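Take a look at the structure below.
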Amino acid sequence: YSTSAAIEEPLTPSVKVDYTQLLINGKFVDSASGKTFPTLDPRTGNVIAHVAEGDSEDVDRAVAAARKAFDEGPWPKMTAYERSRILLRFADLLEKHNDEVATLETWDNGKPYEQAAKIEIPMVVRFFRYYAGWADKIHGLTVPADGEHHVQILHEPFGVAGQIIPWNFPLLMFAWKVAPALACGNTIVLKTAEQTPLSALYVAKLFLEAGLPPGVLNIISGFGPTAGAALSSHMDVDKLAFTGSTETGKIVLQLAAKSNLKPVTLELGGKSPFIVCEDADVEKAAELAHFALFFNQGQCCCAGSRTFVHERIYDQFLEKAKALAVNRVVGDPFKAGIQQGPQPYLAPPLLASCADTSLLNQIDTEQFEKILRYIRLGVDSGATLETGGERFGSTGYYVQPTVFSNVQDDMLIAKEEIFGPVQSILKFKDLGDVVRRANTTRYGLAAGVFTQNIDTANTLTRALRAGTVWVNCFDVFDAAIPFGGYKMSGQGREKGIYGLNSYLQVKAVVTPLKNP
Ligand code: ADP
34 YSTSAAIEEP
44 LTPSVKVDYT
54 QLLINGKFVD
64 SASGKTFPTL
74 DPRTGNVIAH
84 VAEGDSEDVD
94 RAVAAARKAF
104 DEGPWPKMTA
114 YERSRILLRF
124 ADLLEKHNDE
134 VATLETWDNG
144 KPYEQAAKIE
154 IPMVVRFFRY
164 YAGWADKIHG
174 LTVPADGEHH
184 VQILHEPFGV
194 AGQIIPWNFP
204 LLMFAWKVAP
214 ALACGNTIVL
224 KTAEQTPLSA
234 LYVAKLFLEA
244 GLPPGVLNII
254 SGFGPTAGAA
264 LSSHMDVDKL
274 AFTGSTETGK
284 IVLQLAAKSN
294 LKPVTLELGG
304 KSPFIVCEDA
314 DVEKAAELAH
324 FALFFNQGQC
334 CCAGSRTFVH
344 ERIYDQFLEK
354 AKALAVNRVV
364 GDPFKAGIQQ
374 GPQPYLAPPL
384 LASCADTSLL
394 NQIDTEQFEK
404 ILRYIRLGVD
414 SGATLETGGE
424 RFGSTGYYVQ
434 PTVFSNVQDD
444 MLIAKEEIFG
454 PVQSILKFKD
464 LGDVVRRANT
474 TRYGLAAGVF
484 TQNIDTANTL
494 TRALRAGTVW
504 VNCFDVFDAA
514 IPFGGYKMSG
524 QGREKGIYGL
534 NSYLQVKAVV
544 TPLKNP
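Residue numbers (UniProt numbering): 34 to 549.
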């Protein structure tokens, strides 16, 4: 690995952490319990800031504020054009503060600053502009019906949306949730991930500056089994949207069902196949497969984590894949040219601050430890460790870019989501074989196909059971493209026009053409 970037002396970020309280009813406030929890710098394990720890009482207060802003207005009663303008003003402010927000994102999450500043925050800006454009273009239908009736179909906001997001793309996930919900006229209580609370609080301030009325967007920092569960089971939340692991997705769906049966959108885990066909340009295929897995420290729900390579080009591909991993530049994410930073970390002792300690074992604490555990499992199950496999350096939570070859379908590293920089390479013989194997998974989030042959591409794109199939590309996330999972990767779709449906109720209004 490139050791050019020393990780022993981390650069000092150039922003101050100004917002650490909960945002309820347009004000930054302490939690009802007065408790806080530390958020950590994954480069060192040092505390960045102590953040207010929300729990059920805070969720109650936030939901009440959101309820009031919905029922009494002004939000759903504003003209759609006014709502759109607030979203656009927010996008402008975010664009202006791009570098500060990117700095917070990198500090809290560990992702390369260049990625946050040049790709992710601009994507968030674009995303808000996209949905701002929809706000005044949401209209219903009139439909023909038997008999003398005038039938209108109205599309109305749900009401209070509860939203729970993960730590891998803190602000992008915030955008995927908040933008469509607001565009449709809903109000929001959003719980950030306990690993990465900072960027959402910063941009909440920008929202207030943009003129968002109090109570329309409320933000709770806190833990899943406490604040997250309180939101999922709240009787006055009308709609729930969740992104995270499949295991937690099942929990929130149960909580929603047991409480008020609120509809739930779920974006869950994946074990996406990336299929390199016989005719592929091996060099390019290896580069794309590398990107598909290693992007964002391997922490993408749609990561191409099963690299299937045709037997005829397998050996050649393996050499290239290995070289790419060896040359991947790991280091302090604030340094220029860094491709991979540390994995986020929630140190076990800090979890003591989670109010209900009986729930602690449900929290998936140590992402970094979990990745290293999977690597050991891979070795023990007989896969060939081509490169990597260990912690990188001795400070912070860095993992060496790791490549396994000779991976078999029934190995755990080929079945379970690792969510780290670990590439598993599998060999296949023919298309029928690879389709069957690629689809033999409980997940169905995404798939990648690499081929020059249009027939092969068509065959694979039709046969793969996944919500997205990228052909000769990967991780293309335009705001207009719907995203979501087949099977246990989720329910519903986010982004694009499909993302609006999750936040709109459908009301049929039937009127006789002539008064009876
Ligand atoms: P990961 O394993 O990637 O951390 P999780 O699914 O555990 O993913 O976390 C995603 C989000 O779900 C986080 O905001 C987390 O706090 C929240 N969460 C975790 N457990 C629960 C729960 N029991 N109820 C509601 N939300 C939860």
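All C-beta atoms in this analysis are idealised placements derived from N, C-alpha and C, irrespective of residue type, glycine included. Keep in mind the model is a prediction, meaning the values are calculated, not measured.
Three-state secondary structure assigned by DSSP to residue i
i, result
"L537", "strand"
"Q332", "coil"
"R526", "coil"
"P43", "coil"
"I396", "In this prediction, I396 has a pLDDT of 42, which is less than 50 and means its spatial position is unreliable; what the coordinates show is noted afterwards. Coil, per DSSP."
"residue 551", "Residue 551 lies beyond the stretch modelled for the chain, which goes from 34 to 549, so this question has no answer here."
"K272", "strand"
"V543", "strand"
"W200", "coil"
"N58", "coil"
"H343", "strand"
"Q349", "helix"
"K224", "strand"
"residue 565", "Residue coverage of the chain in this structure runs from 34 to 549, which leaves residue 565 outside it and unanswerable."
"E419", "strand"
"Q185", "strand"
"A48", "A small correction: the amino acid at residue 48 is Val; Ala does not occupy that position in the sequence shown. Three-state result, V48: coil."
"G532", "helix"
"H267", "coil"
"F510", "coil"
"P258", "helix"
"residue 4", "Since the first residue shown for the chain is 34 and the last is 549, residue 4 is missing from the structure and cannot be characterised."
"L497", "coil"
"I171", "coil"
"A82", "strand"
"T139", "helix"
"V362", "strand"
"V440", "coil"
Check whether residue i and residue j have beta carbons under 8 Å apart
i, j, result
"C335", "L241", "no"
"I152", "G173", "no"
"V236", "V158", "no"
"P43", "R76", "yes"
"I308", "V467", "yes"
"D269", "V193", "yes"
"F61", "F123", "no"
"R424", "V412", "no"
"V539", "H188", "yes"
"L55", "I197", "no"
"T417", "T435", "no"
"F103", "E86", "no"
"Y536", "C217", "yes"
"T489", "L464", "yes"
"Q141", "T72", "For the sequence presented, residue 141 should be read as Asp rather than Gln. Going by C-beta atoms, D141 is nearer than 8 Å to T72."
"N534", "L497", "no"
"E228", "W200", "Note that residue 228 is Gln in the sequence shown here, rather than Glu. In this structure, W200 lies closer than 8 Å to Q228 by Cβ."
"M156", "L223", "no"
"Q456", "T340", "yes"
Beta-carbon separation (whole angstroms), residue i vs residue j, contact threshold 8 Å
i, j, result
"V50", "A82", "4 Å"
"G244", "S278", "So it is not a contact: roughly 36 Å between Cβ atoms."
"K144", "E138", "7 Å"
"T225", "A233", "5 Å"
"G481", "A325", "5 Å"
"G518", "E527", "Not really, about 10 Å apart at Cβ, beyond 8 Å."
"residue 551", "V84", "Residue numbering for the chain in the displayed model covers 34 to 549; residue 551 lies beyond these limits and cannot be assessed."
Beta-bridge partners of residue i, as assigned by DSSP
i, result
"V455", "T435"
"R424", "V432"
"residue 12", "Outside the modelled stretch of the chain, which goes from 34 to 549, sits residue 12, for which no answer is possible."
"I253", "K224"
"W503", "G481"
"I119", "Partner(s): none; I119 has no beta bridge."
"G306", "Just to set this straight, residue 306 is Pro in the shown sequence, not Gly. Bridge partners of P306: R339."
"K460", "V342"
"E300", "T276, G523"
CB contact below 8 Å: residue i versus chain C
i, result
"E402", "Annotation note: the requested chain C is absent from the structure, which comprises a single protein chain."
For the stretch 254-266 against the stretch 163-183, are there 3 or more C-beta pairs whose distance is under 8 Å?
They do not touch, by the three-pair rule.
Three or more beta-carbon pairs under 8 Å between the stretch 364-379 and the stretch 324-333, yes or no?
yes
Assess contact between the stretch 294-310 and the stretch 478-493, defined as three or more Cβ pairs (one per stretch) separated by less than 8 Å. Is contact present?
Pairwise C-beta distances place the stretch 294-310 in contact with the stretch 478-493, as three or more of them are shorter than 8 Å.
So does the stretch 424-444 actually touch the stretch 454-469, counting three or more Cβ pairs closer than 8 Å?
The stretch 424-444 is in contact with the stretch 454-469.
Would you be able to state if there are at least three C-beta pairs under 8 Å between the stretch 159-168 and the stretch 401-410?
no
Validate contact between the stretch 243-251 and the stretch 88-108 using beta carbons, cut 8 Å, 3 pairs:
Enough Cβ pairs lie closer than 8 Å, so yes.
Kindly confirm or deny that the stretch 312-323 and the stretch 279-291 touch, where touching means at least three C-beta pairs closer than 8 Å.
no
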